[in-house]
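Visitor: Quick one: structure below, then a few questions.
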Amino acid sequence: VIPQIGPWIDDSELAMLREVCASTYLTEHNLTSRFEAEIRALTGAKHAIAMSNGTVALYCAFRAMGVEQGDEVLVPDLTFIATSNAVMMAGGRPVFVDVDHETFCMDPDAAARAITPRTRGVCPVHLYGVSAQLDALTELCRDHDIWMVEDAAQAIGVRWKGRHVGTFGRAGILSFYGNKTITTGEGGVVLTDDDELARTCYRLKNHGRDAKGLFVHEHVGFNFSFTEMQAAVGIAQLAKLPRIIARKAEIRRDYETGFRSIRQIALPVVPQDVSPVFWFTSIIVPEAAPLASFLAERDIQTRRFFLPLHLQPCYQAKGLDLATRPSSLWAYEHGLSLPSSYQLTDDQQGEVIGAIRDYFGAATG
Amino acid sequence: MGDVGCFSTYVAHLVTTGVGGMSITSDPVLVDVMRSLANHGRDNRYISIDDDKDLDEEQHWEVVQRRYRFNRIGFSYRQTELEAALGLGQLETVSDGIRRRQEIAASFRDALAPFADRVGVQTVPADRSHAYMVFGCVCQVEGEAQRLTRHLESYGVETRPLFPLLSQPAYRKSAYVAGDAPVADRLARNGFYIGCHPYLTNEDVAYVAEVLRSYFEGEE
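These protein sequence lines map, in sequence, to chains A and B.
1 is the number of the first residue of the first sequence in the numbering used here; add one for each residue after it.
366 is the number of the first residue of the second sequence in the numbering used here; add one for each residue after it.
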């Protein structure tokens, strides 16, 4: 089987994990501080608060922004469900905004149309290795006096006009789940330049306390601690990040070359202002479902785009606006992510390209 | 005994995975609900990354169709293989660890027995066993707990207060009225605990016992 995605794990992670076991410190300690410092250096954010995963990082960011019952937060209709669930966990009401045809990220014009007097914030998601249109969204937030929290779960390394995504809003989050560009198994981080937001996020993840070891709690909080094991893996992974990004660009280029003569296949356009990280190489085809099934029979894993939020079974009959978002639905029906692991071999990629050329009846080679 | 039981595997606990927890239940419906809730509310057909392995074509297609379907509003609370690896290693020594904790607790009980009129220890009813995550004590005289813990700390023996929920500042707005939980209030004022973990050597245990004794006998 050719996997769609997989992490690159070797002796460098093992060496770091041995350090953890030797130290006997398993939860947040020196390596967690070092990991946070390295994330700050990479992104340019003033604060990086490591958490058990990206979803709770997003939840804490929303709570820190003061989301209250009934507050509306705009999220793109095409995203992993955690984006909108985090809004709901914080007590807010997600409003599903259609995406643009080019980036599959939140369409700033659609966002402007979705704003109501209850709108408190916007949460763009930087999807499949590119960035949402941050200039337009920043302006929208300024014009309407609402905040932005960026869901950059998939987007480590992605830059907008040279600046790392996740640092444009009042807060941003990164995820280090197993399938991400770099991973800590589970893991996430909140990025912010705001000292008070950083303090609130830390408190929320640490049982409502400003430090460990206190047993008097001034605030109600949760346990979203990071571990030294996650930090150990994360530090080893960060050292590999430049090589992973370069390899992913190579994979994307080779797919592009392989499909050049097939008119039924398009690759998403990368806007000029974006320095992408091709976490996945995705293609746009007339019908994604039958191609996915054809490739699965040949032991080639692919991944469909997200089922749009307005169609998720769990959001039916919850009082949310579920009108069709045409571009998001279009992306779901036409988008397919191809095998894109760092460890994908040239032979495997040749096989994937060959199979897709067969499917479309194109001559091989 | 309950419908669901919950364990924590935080560092200070009997079995540790750094941070971690586990629910146990015999109810298959609750199993499905909890697995899904921990995994963003995902359709139970595709909870684990391996749920698409070893299937025939029809079953595989079913999984592919339901991979990004979410039937309930859930959370992201999965455990990692890193935690599981530590946990498996820890489980191999958990019985030895608890036996050692009980041994240490017996030494502390013996050391305190002559002073039972001034300090009580947690009683263990005949139908229960005690794993001694910590060793808890309660002073009988108001104000003595502060003096005793200060004495212990000055000799390098760490103590921790007992911390009833109702006295937490974060719960100030709750409906609790002072006096509603008199036992918990008394324990909060007069109780504390000391460490009882398997890393304590026999010398450490003897030292702590001596420090306790010296307080009550006034041989400082």
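Quick reminder that beta carbons are idealized off the backbone N, C-alpha and C, glycines included.
Residue 447 of chain B touches chain A at which residues, Cβ-Cβ below 8 angstroms?
Guide: Within the second sequence, residue 447 of chain B is the residue found at index 82, counting from 1. Near residue 447 of chain B (Cβ distances below 8 angstroms), the residues of chain A are 17, 185, 227, 229, 230 and 233.
Visitor: What in chain B is Cβ-close to residue 218 of chain A, meaning under 7 angstroms?
Guide: To locate residue 218 of chain A, count along the first sequence from 1; it is residue 218. Those within 7 angstroms of residue 218 of chain A in chain B are 534 and 535.
Visitor: Suppose the cutoff is 7 angstroms on Cβ atoms and the five residues either side in sequence are ignored; what does the same chain contact list for residue 262 of chain A look like?
Guide: Within the first sequence, numbered from 1, the residue matching residue 262 of chain A stands at position 262. Hits under 7 angstroms: 357, 360 and 362.
Visitor: Taking the alpha helix (DSSP H) that residue 393 of chain B falls in, what are its first and last residues?
Guide: Against the second sequence, residue 393 of chain B aligns to sequence position 28. From DSSP, the alpha helix (DSSP H) with residue 393 of chain B extends over 393 to 403.
Visitor: Identify each residue in the region 429 to 448 of chain B for which the Cβ-Cβ distance to at least one residue of chain A is less than 9 angstroms, and report them in chain order.
Guide: Correct list: 429, 430, 432, 433, 434, 435, 436, 437, 438, 439, 440, 441, 442, 443, 444, 445, 446, 447 and 448.
Visitor: Residues in its own chain within less than 7 angstroms of residue 552 of chain B by CB, not counting five upstream and five downstream?
Guide: For the purposes of this step, residue 552 of chain B is taken as residue 187 along the second sequence, with counting starting at 1. These residues qualify, in order along the chain: 503, 527 and 529.
Visitor: In terms of alpha-carbon separation, which member of A:354, A:64 and A:112 lies closest to residue 92 of chain A?
Guide: Indexing the first sequence from 1 puts residue 92 of chain A at position 92. Closest option to residue 92 of chain A, Cα to Cα, is A:64.
Visitor: Tell me the DSSP secondary structure of residue 376 of chain B in three-state form.
Guide: Residue mapping note: residue 376 of chain B aligns to position 11 of the second sequence, counting from 1. Coil, per DSSP.
Visitor: Does the beta carbon of residue 211 of chain A sit closer than 7 angstroms to a beta carbon anywhere in chain B?
Guide: Residue numbering aside, residue 211 of chain A sits at position 211 when the first sequence is read from its first letter. Closer than 7 angstroms: no.
Visitor: Between the region 50 to 57 of chain A and the region 117 to 130 of chain A, can you find at least three pairs of beta-carbon atoms closer than 8 angstroms?
Guide: They do not touch, by the three-pair rule.
Visitor: State the DSSP-derived secondary structure class of residue 390 of chain B, mapped to helix, strand or coil.
Guide: Here residue 390 of chain B is taken as the residue at index 25 of the second sequence, counted from 1. The answer is coil: DSSP assigns residue 390 of chain B none of H, G, I, E or B.
Visitor: Can you tell which of B:512, B:404 and B:443 has the C-alpha that lies nearest to the C-alpha of residue 225 of chain A?
Guide: Locating residue 225 of chain A in the first sequence gives position 225, counting from the first residue. When only C-alpha atoms are compared, the closest one is B:443.
Visitor: Of all Cβ atoms in chain B, is any one closer than 7 angstroms to the Cβ of residue 313 of chain A?
Guide: Along the first sequence, read from residue 1 onward, the residue named residue 313 of chain A stands at position 313. Interface residue, yes.
Visitor: Can you tell me which of the three DSSP states residue 333 of chain A falls into?
Guide: Your numbering for residue 333 of chain A matches position 333 in the first sequence. Looking at residue 333 of chain A - three-state DSSP - the assignment turns out to be helix.
Visitor: Under a three-way DSSP split, which group does residue 365 of chain A fall into?
Guide: Translated into positions along the first sequence, residue 365 of chain A becomes position 365. Residue placement at residue 365 of chain A cannot be trusted, given a pLDDT of 48 that sits under 50; what the coordinates show is reported in the next sentence. Three-state result, residue 365 of chain A: coil.
Visitor: Tell me which residue opens and which closes the alpha helix (DSSP H) that residue 572 of chain B is part of.
Guide: Within the second sequence, residue 572 of chain B is the residue found at index 207, counting from 1. Looking at the DSSP string, the run of the alpha helix (DSSP H) that includes residue 572 of chain B is 567 to 582.
Visitor: Suppose you measure from the CA of residue 343 of chain A to the CA of residue 251 of chain A; what does that come to, to the nearest Å?
Guide: As a first step, residue 343 of chain A must be located in the first sequence, where it is residue number 343. As a first step, residue 251 of chain A must be located in the first sequence, where it is residue number 251. Roughly 10 angstroms separates the two Cα atoms.
Visitor: Helix, strand or coil for residue 522 of chain B per DSSP?
Guide: Counting from 1 along the second sequence, the entry for residue 522 of chain B is found at position 157. Looking at residue 522 of chain B - three-state DSSP - the assignment turns out to be coil, as it is neither helix nor strand.
Visitor: Interface residues of chain A around residue 581 of chain B at Cβ under 8 angstroms?
Guide: Indexing the second sequence from 1 puts residue 581 of chain B at position 216. Those within 8 angstroms of residue 581 of chain B in chain A number zero; the least Cβ separation is about 26 angstroms.
Visitor: Quick one: using the 10 Å Cβ neighbour count with 16 as the cut-off for buried, is residue 314 of chain A buried or exposed?
Guide: In the first sequence, the residue the question calls residue 314 of chain A occupies position 314. So residue 314 of chain A counts as buried.
Visitor: Does chain A have any CB closer than 7 angstroms to the CB of residue 585 of chain B?
Guide: Counting from one through the second sequence, the residue named residue 585 of chain B turns up at place 220. Only weak support exists for where residue 585 of chain B lies, its pLDDT of 45 falling under 50; the coordinates are left without a value.
Visitor: Do residue 78 of chain A and residue 95 of chain A have their beta-carbon atoms positioned less than 7 angstroms apart in this structure?
Guide: Position 95 of the first sequence, counted from the start, is the residue given in the question as residue 95 of chain A. Position 78 of the first sequence, counted from the start, is the residue given in the question as residue 78 of chain A. Result no, Cβ atoms of residue 95 of chain A and residue 78 of chain A do not sit closer than 7 angstroms.
Visitor: Which residues bound the alpha helix (DSSP H) around residue 359 of chain A?
Guide: If you number the first sequence from 1, residue 359 of chain A lands on position 359. That run of the alpha helix (DSSP H) goes 346 to 359.
Visitor: Check whether the Cβ atoms of residue 228 of chain A and residue 25 of chain A sit closer than 7 angstroms, and answer yes or no.
Guide: If you number the first sequence from 1, residue 228 of chain A lands on position 228. If you number the first sequence from 1, residue 25 of chain A lands on position 25. Yes, these two residues count as a Cβ contact at 7 angstroms.
Visitor: Fully enclosed by the region 270 to 331 of chain A, which beta strand (DSSP E) runs are 3 residues long or longer?
Guide: Counting only runs of 3 or more, we get 281 to 284.
Visitor: Find the residues of chain B that neighbour residue 27 of chain A, judging by a C-beta separation of less than 8 angstroms, and give them in chain order.
Guide: If you number the first sequence from 1, residue 27 of chain A lands on position 27. Simply 375, 376, 383 and 384.
Visitor: With 16 as the cutoff for other CB atoms within 10 Å, does residue 161 of chain A come out buried or exposed?
Guide: As a first step, residue 161 of chain A is located in the first sequence; it is residue number 161 there, counting from the start. The residue is exposed, with fewer than 16 neighbouring Cβ atoms inside 10 Å.
Visitor: Keeping to the same chain, check which residues put their C-beta closer than 7 angstroms to that of residue 404 of chain B; ignore five residues upstream and five downstream.
Guide: Within the second sequence, the letter at position 39 stands for residue 404 of chain B. Answer for residue 404 of chain B: 412, 439 and 443, listed in chain order.
Visitor: From the beta carbon of residue 567 of chain B, is the nearest beta carbon of chain A less than 7 angstroms away?
Guide: Counting from 1 along the second sequence, the entry for residue 567 of chain B is found at position 202. For residue 567 of chain B, the answer is no, since every Cβ of chain A falls outside 7 angstroms of its Cβ.
Visitor: In the DSSP assignment, find the unbroken beta strand (DSSP E) run with residue 93 of chain A in it and report its ends.
Guide: Working through the first sequence from its first residue, we reach residue 93 of chain A at position 93. That run of the beta strand (DSSP E) goes 93 to 97.
Visitor: Express the C-alpha separation of residue 206 of chain A and residue 28 of chain A in angstroms, rounding to a whole number.
Guide: Against the first sequence, residue 28 of chain A aligns to sequence position 28. Against the first sequence, residue 206 of chain A aligns to sequence position 206. Their backbone Cα atoms lie some 11 angstroms apart in a straight line.
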